[in-house]
Amino acid sequence: MADAAGSGTRTTRSARRVLVAADKFKGSLTAVEVAERVTAGLRRVVPDLAVEALPVADGGDGTVAAAVAAGFARREVRVAGPLGDEVTAAYALRGDTAVVEMAEASGLQRLPAGVFAPLTASTYGSGELLRAALDAGARTLVFGVGGSATTDGGAGMLAALGARFLKADGEPVAPGGGGLAELASADLSGLDPRLGEVELILASDVDNPLTGPQGAPAVYGPQKGASPEEVERLDAALAHFAKVLEGSIGPRATAYAASPGAGAAGGIGYGALLLGAAFRPGIEVMLEVLGFAPALERADLVVTGEGSLDRQTLHGKAPAGVAAAARAAGKEVVAVCGRLALSPETLDRAGIRRAYALTDLEPDVAKCIAGAGPILERTAERIARDFLG
């Protein structure tokens with residue numbers, strides 16, 4: 006490994022038990038596949054190595070898969086996709102704790118290739134997922150949000166849970182954020198009463214408010230296909246949504262709109278806060294849910310990572326959370342990634358001893374993405390030689 010990716014010096018400590026706690030390589034490998042490939046590469050060099058795999062996620066897409074890999078049961082249910090068509094979405098359940106991922110119902114991956122619907126995509130299916138978890142007996146709901154196709158402030162989700170959003174003529178507003186411009190009245194009195202009896206945790210790495218220059222439409226609308234004019238329309242519609250809700254439930258509606266996390270996943274964070282959710286960093290919540298602390302205690306070396314280690318990684322992404330927890334426990338951490346855009350000094354401050362990028366072995370990014378699995382195994386061999394000799 007070149008010095009540019011870390012200290013370049015071989016560790017003098019011989020680690021004999023490795024914890025692989027990495028996120029997905031988006032577009033290439035799931036978090037489970039990353040763990041499998043890293044394990045295979047490490048054992049090619051140290052055949053008898055004890056490796057524990059704990060795929061992680063930060064609340065965005067892949068969160069349910071990480072929970073299932075950690076022992077949760079996968080539950081499937083038919084719900085409305087972002088365009089209203091029915092899709093099969095999953096949540097995870099263990100005991101009375103459910104992990105619900107909004108992207109399963111309302112994510113960008115639920116849109117046809119090349120199709121965006123910034124004004125009309127709805128979170129209704131996410132509300133149906135939450136209701137299914139309640140029906141299954143969940144008393145703690147970890148609601149992971151990210152990767153959404155929607156910018157409706159959670160209005161669709163709230164409607165699925167019993168809220169009513171009406172136009173002046175008494176008809177329901179059209180689905181999506183655009184329809185909220187015609188909102189005349191909001192009634193939350195019909196919300197599922199079970200919501201007041203459970204713990205709802207909003208798990209996200211996004212702390213944006215609902216509207217304004219750092220709000221959901223301005224910052225994330227373009228990623229969902231919104232033009233500058235549509236961003237303005239959505240921002241005005243969401244501001245109007247909060248104003249109408251203020252008339253219905255009082256000043257807390259406006260306070261929540263300005264709260265950190267309200268702008269998460271197209272504003273579904275706002276809807277979750279209205280339901281009484283507690284906002285927490287997604288990776289922090291998921292490490293607790295997945296049982297990271299005991300796994301960390303058993304490990305001598307931790308391997309984390311994600312597709313791109315960059316400035317975004319430092320702001321609540323899974324590798325940063327894993328590294329912070331490992332550093333606090335005095336454990337050594339290395340990272341794997343497809344692409345590395347952080348200096349050795351920045352990595353060190355984040356608690357990562359060294360990072361190994363797939364592009365070190367295959368500079369062609371397209372080939373790197375297509376052949377990520379075998380390249381990651383070769384990368385893991387390098388980690389084994391550097392840290393487990």
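If you use my numbering, the sequence shown closes out at 394, no skipped numbers anywhere. Even for Gly, the Cβ is constructed at its ideal location relative to N, Cα and C.
Between the C-alpha atoms of L345 and A241, what's the straight-line distance to the nearest angstrom?
38 Å
Would a C-beta distance cut-off of 7 Å place T102 and T44 closer than the cut-off?
no
- Name the residue from V69, R383, A389 whose alpha carbon lies nearest to the alpha carbon of G287. V69
- Message: Suppose you measure from the CA of A74 to the CA of T128; what does that come to, to the nearest Å?
- Response: 26 Å
_Helix, strand or coil at M6 [DSSP, three-state]_ = Here M6 scores only 35 on pLDDT, less than 50, and its place in the model is too uncertain to base an answer on.
Around the C-beta of A222, are 16 or more other C-beta atoms found within 10 angstroms, so that it is buried, or is it exposed?
-> Correcting the residue type first, residue 222 is Pro in the shown sequence and not Ala. P222 should be labelled buried.
Review point. Can you tell me whether DSSP reads G11 as helix, strand or coil?
Key: Legend: pLDDT at G11 = 47, less than 50; position of this residue unreliable, value from coordinates given subsequently. Strand.
Given 8 Å, three or more beta-carbon pairs between the region 241-256 and the region 309-317: no
**Message:** Just checking K229 against the ligand NAD - is the residue's beta carbon closer than 6 Å to any of the ligand's heavy atoms?
**Reply:** As presented, the structure is devoid of all ligands, the ligand NAD included, so that no description of it is given.
Tell me S313's beta-bridge partners as DSSP assigns them.
R344
Output yes or no for whether 7 Å exceeds the beta carbon distance between D353 and R22.
-> no
Original post:
Helix, strand or coil for A189 per DSSP?
Top reply: coil
Hey, A282 and I206 are a contact pair by Cβ (cut 8 Å); roughly how many whole angstroms apart?
-> 6 Å
* alpha helix (DSSP H) segment containing T102, residue limits -> No alpha helix (DSSP H) contains T102, which is instead part of the beta strand (DSSP E) from 102-106.
*asked:* Can you confirm whether the region 181-191 touches the region 137-151 when touching is taken to mean that 3 or more C-beta pairs between the two stretches lie within less than 8 Å?
replied: no
Q.
Spatial neighbours of V294 within its chain, please: C-beta separation below 8 Å, excluding the five flanking residues on both sides.
A. A72, A75, T102, V104, V147
Exercise for review: Within the same chain, show all residues whose beta-carbon is closer than 6 Å to that of S131, passing over the 5 residues directly before and after it, in chain order.
Suggested key: M107, A110, S111, M162
message = Could you check whether V370 and I273 sit closer than 7 Å to each other, using their CB atoms as the reference points?
response = no
- prompt: Can you tell me the Cα-Cα spacing of G183 and L59, whole angstroms?
  reply: 40 Å
Give the C-beta separation of A360 and A340 to the nearest angstrom, bearing in mind that I take them to be a contact with Cβ-Cβ under 8 Å.
4 Å
Worksheet entry | Residues near R383 by beta carbon distance below 7 Å, same chain, minus five either side | G46, L366
(request) Any chance you could list the alpha helix (DSSP H) runs of at least 4 consecutive residues sitting entirely within the region 53-119, in chain order? (result) 68-74, 107-111
field: Exposure of E350, with buried meaning 16 or more beta-carbon neighbours within 10 Å
entry: exposed
Quiz item: Can you name the residues that DSSP bridges to P286?
Solution: S209
> Candidates G195, V37, L171, V82: which alpha carbon is nearest E133's?
Replying inline: V82
### Same chain, Cβ closer than 8 Å to E386, five either side skipped, listed in chain order
G46, L47, R49, V50
**Message:** Buried or exposed for D210, going by 16 or more other Cβ atoms inside 10 Å?
**Reply:** buried
ask   = Can you list, in chain order, the residues of its chain whose CB lies under 6 Å from that of G312, leaving out five sequence neighbours each side?
value = F30, K31, G343
With a CB to CB cut of under 6 Å and the five nearest residues on each side skipped, what residues in its chain are close to T216? D240, L243, A244
Problem - R358 versus I380, T309, P379, residue with shortest Cα-Cα distance - result: T309
Discussion item. Which residue wins for smallest C-alpha separation from A329, given the options G394, A298, L34?
Written reply: A298
TODO: Kindly give me the distance between the Cβ atoms of L196 and A168, rounded to whole angstroms, as I take these residues to be in contact under 8 Å.
DONE: 6 Å
- Task: Throw me the rounded Cβ distance for the P123 and G226 pair, which I believe falls under 8 Å.
- Result: 6 Å
For this session: Would you identify the three-state DSSP class for R169, choosing helix, strand or coil?
Result: strand
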